[in-house]
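Asks: Take a look at the following structure, please.
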Amino acid sequence: MRNRLVPGMLLVTMLFALAAAPAMAADAPIPPNNPTSTQLVNTQNVPGDITKGLFWNGKTVTFHGEAIGEVMVRGDYAWIHLNDDAYMEKNVEEGATLAGYNSGMAIWVPAELTKQIDTYGDYKHEGTIVEITGVFNAACKEHGGDMDIHATSLRIIRPGHLVVDPIAPWKVWLALALIALAFGLWRLDRMTRNRISPHRGV
Amino acid sequence: MIVRPRKEDHLVIGKYTGKVIVGVGLLMCIPLVTSIAFAEWDTAVDFIIAISACMVFGFGTQALCRTHKDLSWSHGLVVASGSWFFATALGALPHFLSGHAGSYLDTLFDVMSGYTTTGLYLLQDLDHVANGLNMWRHLLTYAGGQGIVVIALTFLFKGTAGAYKVYVGEGKDERLLPNVIQTARAIWLVSLTWLGLGTLFLGVRGMMLGQGPVRAFLQGLWVFMGAWSTGGFAPQSYNTFWFHDIGYEVICVVIFIAGSFNFAMHWAMWTGKREEIRKNVETISFFITLTVTTLVVTFFLAQANIYPDAMSLFRKVFYQLASAHTTTGFSTIYSRSFVTQWGPVGLIVTTIAMAIGASACSTGGGIKGIRMGVISKALVQDVRRMISPESSVIMEKYHHIKDTWLSDGLVRGAMTVTIAYLTLYGIGAIIGAMYGYPLEQAAFEMVSACSNTGLSCGITQPFMPDLLKVVYTLGMWLGRLEFMSVFALIGYGVAVVRGK
Amino acid sequence: MADMPRPEATRRQQITDYALGIIHESLWILGWCLLAYVMAVVAIAVFR
Chain A
0 MRNRLVPGML
10 LVTMLFALAA
20 APAMAADAPI
30 PPNNPTSTQL
40 VNTQNVPGDI
50 TKGLFWNGKT
60 VTFHGEAIGE
70 VMVRGDYAWI
80 HLNDDAYMEK
90 NVEEGATLAG
100 YNSGMAIWVP
110 AELTKQIDTY
120 GDYKHEGTIV
130 EITGVFNAAC
140 KEHGGDMDIH
150 ATSLRIIRPG
160 HLVVDPIAPW
170 KVWLALALIA
180 LAFGLWRLDR
190 MTRNRISPHR
200 GV
Chain B
0 MIVRPRKEDH
10 LVIGKYTGKV
20 IVGVGLLMCI
30 PLVTSIAFAE
40 WDTAVDFIIA
50 ISACMVFGFG
60 TQALCRTHKD
70 LSWSHGLVVA
80 SGSWFFATAL
90 GALPHFLSGH
100 AGSYLDTLFD
110 VMSGYTTTGL
120 YLLQDLDHVA
130 NGLNMWRHLL
140 TYAGGQGIVV
150 IALTFLFKGT
160 AGAYKVYVGE
170 GKDERLLPNV
180 IQTARAIWLV
190 SLTWLGLGTL
200 FLGVRGMMLG
210 QGPVRAFLQG
220 LWVFMGAWST
230 GGFAPQSYNT
240 FWFHDIGYEV
250 ICVVIFIAGS
260 FNFAMHWAMW
270 TGKREEIRKN
280 VETISFFITL
290 TVTTLVVTFF
300 LAQANIYPDA
310 MSLFRKVFYQ
320 LASAHTTTGF
330 STIYSRSFVT
340 QWGPVGLIVT
350 TIAMAIGASA
360 CSTGGGIKGI
370 RMGVISKALV
380 QDVRRMISPE
390 SSVIMEKYHH
400 IKDTWLSDGL
410 VRGAMTVTIA
420 YLTLYGIGAI
430 IGAMYGYPLE
440 QAAFEMVSAC
450 SNTGLSCGIT
460 QPFMPDLLKV
470 VYTLGMWLGR
480 LEFMSVFALI
490 GYGVAVVRGK
Chain C
0 MADMPRPEAT
10 RRQQITDYAL
20 GIIHESLWIL
30 GWCLLAYVMA
40 VVAIAVFR
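Protein chains in written order, with numbering that gives the first Met the number 0: chain A, 0 to 201; chain B, 0 to 499; chain C, 0 to 47.
The following block contains the structure:
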């Protein structure tokens, strides 16, 4: 009996750790991009400015962000947009602190790879966080001068989820009170109008 | 001596302002229905609150302000600007209740930007915003482009002479048809027809680009509204860069250039006078200045080797400049790219295009083509007078729907308003520069706000200084209403306080 | 008095006019965009 107790406990502990690890990893914050979308957007393309100029243009970068909106499949390739802003992990409806605009990059990726993305971000969804590796173009020749990344690989960092925007009770009370007041004033308006000029309306 | 307004004046103004606000409340029913259709319950409650608030204000003022007096000119101007003021304050409620706004000032900025068809915004996390709220944002530009007063005229006013005075107070003075109510309805016919066709084209193109049908047509509707109203709001934070497609860009360009044309010109084209588009001083002036600014920027960016080939260069330059000149504000480049890729010359020439602006009596802003045309002709006239014998009589004329002789009074009116715009642009640019922004960027942003364009070079941010938000909001308002009605509102206030 | 025009013909004429108006405007804008493109391409070729 004693011979089986210790290994048994070790096994249970290991199984527990295996089960808990993904849950614990999910809470770990995702490190920021390097370069971030803001840095990429600020890529100077003016010749002569070598401090920021052309630094990433044509280089392979690794970029992650929340997949937003939708995938637009065009033949063998597709457009996705990845936002690496303050709302990447939670949106405003879930309680994210307001921290400025959205920020992200347009990604041109083989359509086959996008099939792994299960959720795209919008009002009711927090999108899948996706990491891609690809070549950054400050003014893409293939896409009419667009700033984009041509991705060659894609992996999922965190799946997306449904978002519920709860209705605050005070809003319901306020709505009911205002409807009542509006109705009352409408009746008043109609009544006083008829009293002043029963035959002429304005 | 300033004559203090009497009680009757307050009553007239109150009554008609109330009517316009009831109209705003009714308009909000469209986003309410949208929210319900997409099961966005919290947003639906936000709109119920906002609609009720509008009705409380509207019915309340109408009940309080009982009068049979009709509007005079000064009343009309005050009603136009006063109703814009209250429509903004109440229209901001859905934005504020959504939780996406940093402050009430931010929502006032956004809603004023919507009504004035500017297109700058401070709303945060736009990519996660409800369909109902997006519907309201775009509807604001469509309604504002028509004119909130035009909407009220169509549905809520009787055809009195006073109604015309409010119409003019909103910055339009073209009589398409003898009766102002008929004029308002003609404007609606043109806008709604374009709405149907434009949404269809954009929706179909969206589906061809890989969008699902619901998103394609919903976004097509919104992009149409942003384009036609020359507003510039788009459903995603990426603006029209989202679509990455020349076909979509071409459709947008056609819609926003058409939207920037004078409604009287549309009406002329629609009633058989199809040569109007090539004879009209505004379209001629617009095409000349757009071509010149496009070629100048093309030249500089070609030398700087920003874009890899001629087609990319033209696509980017032309789209941005057409968007600027029509005061639309759609873009297919990031805001900061105006600074980092286009550089000072690109920035300044774009600023000039925005400053000149679109046609009069359209959804566009800026100094406007007709004034550019009148002033140019006045210059030609003065030069001719100088070089001609003293006894000769030199008169110039221009064509706008009909031929008109250039009179000194006409030229004076054009110059006064032009100087007012330039002064406003200058004041805002200097205030921006005082906050530390480079002058050409501060000028770009202020001109963008006051000409109701909405392109940004990165200054407009939720965390920008509050005073700058106020300056841009007031600039948008003054620019859209062409100064007179806002001055009338201020004058009214002064007369109440100091009049005898 | 000469025959009054039938209301339906007037309405049909109106709608035809409206349609021709939109088509005219759109073609004019597109045509001029094309012209601007040609001018830009020539300018780029000359100045690059």
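Where a beta carbon is used, it is the ideal one built from N, C-alpha and C, also for glycine.
(1) Mind reading off the beta-carbon distance from A/G120 to A/I67? Whole number of angstroms is fine, and I expect it under 8 Å.
(2) In chain order, what residues of the region 231–263 of chain B put their CB closer than 7 Å to some CB of chain C?
(3) Any contact of the region 66–73 of chain B with the region 105–117 of chain B, i.e. 3+ C-beta pairs under 8 Å?
(4) Measure from the alpha carbon of A/A137 to the alpha carbon of each residue in B/W341, B/M224 and B/M268, then state which is nearest.
(5) Our contact map puts B/A357 next to B/G368 with C-beta atoms below 8 Å; I'd like the distance itself, whole angstroms only.
(6) Contact criterion: CB-CB distance below 8 Å. Does B/T339 meet it with respect to chain A?
(7) At 4 residues or longer, and completely inside the region 157–233 of chain B: list those alpha helix (DSSP H) runs for me, N to C.
(8) Starting from the C-beta of A/T35, find all residues in its chain whose C-beta is less than 7 Å away, skip the five residues before and the five after it, and write them out in chain order.
(9) List the endpoints of the continuous alpha helix (DSSP H) containing B/D244.
(10) At which residues does the alpha helix (DSSP H) containing B/N130 begin and terminate?
(11) Distance check for B/V149 and B/N261, CA to CA, integer angstroms please.
(12) Out of B/E275, B/E274, B/A263 and B/G209, which has the shortest C-alpha to C-alpha gap to B/Y247?
(13) Am I right that B/M134 and B/P30 are in contact with their C-beta atoms under 8 Å? What's the rounded C-beta distance?
(14) In angstroms with no decimal places, state the Cα-to-Cα distance between B/N451 and B/G363.
(15) Taking Cβ to Cβ, would you say B/Q123 is nearer than 8 Å to A/Y100?
(16) Which residues in chain B have a C-beta closer than 7 Å to the C-beta of A/W169? List them in chain order.
(17) Identify, in the order they occur along the chain, each residue of the same chain with its Cβ nearer than 6 Å to the Cβ of B/I50, setting aside the five sequence neighbours on each side.
(18) DSSP three-state call for A/P109: helix, strand or coil?
(19) Check the Cβ of C/G30 against every Cβ in chain B and list those closer than 7 Å, keeping chain order.
(20) May I have a chain-ordered list of the alpha helix (DSSP H) segments no shorter than 4 residues that lie completely inside the region 91–162 of chain A?
(21) Drop a sphere of 10 angstroms on the beta-carbon of B/L96, count the other beta-carbons inside from all chains shown, and report buried for 16 or more, exposed for fewer.
(22) Taking only runs that begin and end inside the region 302–367 of chain B, name each unbroken alpha helix (DSSP H) of 4 or more residues, in chain order.
(23) Does the Cβ-Cβ distance between B/V44 and A/A174 come in under 8 Å?
(24) Evaluate B/L312 with the Cβ neighbour count: other Cβ atoms within 10 Å of its Cβ, from every protein chain shown; 16 or more gives buried, anything less gives exposed.
(25) Mind listing the chain C neighbours of B/R273? Cutoff is C-beta to C-beta under 8 Å, in chain order.
(26) Does any CB atom of chain B fall closer than 8 Å to the CB of A/W55?
(27) In chain C, which residues lie less than 8 Å from B/I276 when you measure between Cβ atoms?
(28) Pull up the distance between the alpha-carbon of B/L405 and that of B/I366, whole angstroms please.
(29) Give a single yes or no on whether B/I256 has its beta carbon closer than 7 Å to a heavy atom of the ligand NAP.
(30) State the beta-bridge partners of A/E69 as determined by DSSP.
(31) Which word fits B/G131, buried or exposed, when buried means at least 16 other C-beta atoms lie within 10 angstroms of its C-beta?
(32) Using the Cβ count rule (16 or more neighbours within 10 Å means buried), how would you classify B/S387?
(33) Name the residues in the region 480–491 of chain B whose C-beta lies less than 7 Å from a C-beta of chain A; which are they?
(34) Contact check, B/I147 vs B/V338 under 8 Å by CB: the rounded distance?
(35) Could you compute how far the alpha carbon of B/E444 sits from the alpha carbon of B/I347?
(36) In the structure shown, what three-state DSSP assignment does B/D402 receive?
Replies: If we stick to the structure as given:
(1) Position 121 of the first sequence, counted from the start, is the residue given in the question as residue 120 of chain A. Position 68 of the first sequence, counted from the start, is the residue given in the question as residue 67 of chain A. Yes, they are in contact, since the Cβ atoms of A/G120 and A/I67 sit about 4 Å apart, within 8 Å.
(2) V252, V253, I256 and A257
(3) no
(4) Indexing the first sequence from 1 puts residue 137 of chain A at position 138. Per the Cα distances, B/W341.
(5) As a position in the second sequence, residue 357 of chain B is number 358, starting the count at 1. As a position in the second sequence, residue 368 of chain B is number 369, starting the count at 1. B/A357 to B/G368, Cβ: 7 Å. Contact.
(6) Numbered from 1 along the second sequence, position 340 holds the residue referred to as residue 339 of chain B. Yes - at least one Cβ of chain A is within 8 Å of the one on B/T339.
(7) 160–168, 179–207 and 212–227
(8) As a position in the first sequence, residue 35 of chain A is number 36, starting the count at 1. Closer than 7 Å at Cβ, skipping near neighbours: D83.
(9) Numbered from 1 along the second sequence, position 245 holds the residue referred to as residue 244 of chain B. Per DSSP, B/D244 belongs to no alpha helix (DSSP H) and is neither H nor E.
(10) Reading the second sequence from its first residue, position 131 is the one you call residue 130 of chain B. Per DSSP, B/N130 belongs to the alpha helix (DSSP H) from N130 to Q145.
(11) Working through the second sequence from its first residue, we reach residue 261 of chain B at position 262. Working through the second sequence from its first residue, we reach residue 149 of chain B at position 150. Rounded to the nearest angstrom, the two C-alpha atoms are 15 Å apart.
(12) For the purposes of this step, residue 247 of chain B is identified with residue 248 of the second sequence, where counting begins at 1. Checking every option, the nearest Cα to that of B/Y247 belongs to B/G209.
(13) Locating residue 134 of chain B in the second sequence gives position 135, where the first residue counts as 1. Locating residue 30 of chain B in the second sequence gives position 31, where the first residue counts as 1. Indeed they touch by this definition, with Cβ atoms about 4 Å apart.
(14) For the purposes of this step, residue 451 of chain B is identified with residue 452 of the second sequence, where counting begins at 1. For the purposes of this step, residue 363 of chain B is identified with residue 364 of the second sequence, where counting begins at 1. Approximately 7 Å, taken between the alpha carbons.
(15) Here residue 123 of chain B refers to the residue found at position 124 of the second sequence. Here residue 100 of chain A refers to the residue found at position 101 of the first sequence. Result yes, Cβ atoms of B/Q123 and A/Y100 sit closer than 8 Å.
(16) For the purposes of this step, residue 169 of chain A is taken as the residue at position 170 of the first sequence. Going along chain B, no residue has its Cβ under 7 Å from A/W169, so there is no contact; the nearest lies around 10 Å.
(17) Looking up residue 50 of chain B in the second sequence gives position 51. If we look at B/I50 and ignore the five residues flanking it on each side, its Cβ neighbours are G24 and M27.
(18) Within the first sequence, numbered from 1, the residue matching residue 109 of chain A stands at position 110. The answer is strand: DSSP assigns A/P109 an E or B state.
(19) Position 31 of the third sequence, counted from the start, is the residue given in the question as residue 30 of chain C. Ordered by position in chain B, no residue passes the 7 Å Cβ test against C/G30, which lies about 11 Å from the chain.
(20) 110–113
(21) Against the second sequence, residue 96 of chain B aligns to sequence position 97. Buried is the call here.
(22) 309–324 and 342–355
(23) The residue you call residue 44 of chain B lines up with position 45 of the second sequence. The residue you call residue 174 of chain A lines up with position 175 of the first sequence. The answer is yes: Cβ separation under 8 Å.
(24) Taking the second sequence and counting its residues from 1, one reaches residue 312 of chain B at position 313. So B/L312 counts as buried.
(25) Position 274 of the second sequence, counting from 1, holds the residue named residue 273 of chain B. Within chain C, the residues near B/R273 are L19, G20 and H23.
(26) Along the first sequence, read from residue 1 onward, the residue named residue 55 of chain A stands at position 56. Taking Cβ atoms only, chain B never reaches closer than 8 Å to A/W55, which makes this a no.
(27) Taking the first residue of the second sequence as position 1, residue 276 of chain B is located at position 277. Those are H23, E24 and W27, listed as they occur along chain C.
(28) In the second sequence, the residue the question calls residue 405 of chain B occupies position 406. In the second sequence, the residue the question calls residue 366 of chain B occupies position 367. Rounded to the nearest angstrom, the two C-alpha atoms are 18 Å apart.
(29) As for the ligand NAP, it is missing from this structure, which has no ligand bound.
(30) Mapped onto the first sequence, residue 69 of chain A falls at position 70. Beta-bridge pairing links A/E69 to no other residue.
(31) As a first step, residue 131 of chain B is located in the second sequence; it is residue number 132 there, counting from the start. It is buried - the Cβ of B/G131 has at least 16 other Cβ atoms within 10 Å.
(32) Locating residue 387 of chain B in the second sequence gives position 388, counting from the first residue. B/S387 is exposed by the Cβ-count criterion.
(33) none
(34) Residue 147 of chain B sits at position 148 when you count from the first residue of the second sequence. Residue 338 of chain B sits at position 339 when you count from the first residue of the second sequence. No, B/I147 and B/V338 are not in contact; Cβ-Cβ is about 35 Å, not under 8 Å.
(35) Within the second sequence, the letter at position 445 stands for residue 444 of chain B. Within the second sequence, the letter at position 348 stands for residue 347 of chain B. Cα to Cα, B/E444 sits roughly 11 Å from B/I347.
(36) Here residue 402 of chain B refers to the residue found at position 403 when the second sequence is read from its first residue. Reduced to three states, the DSSP call for B/D402 is strand.
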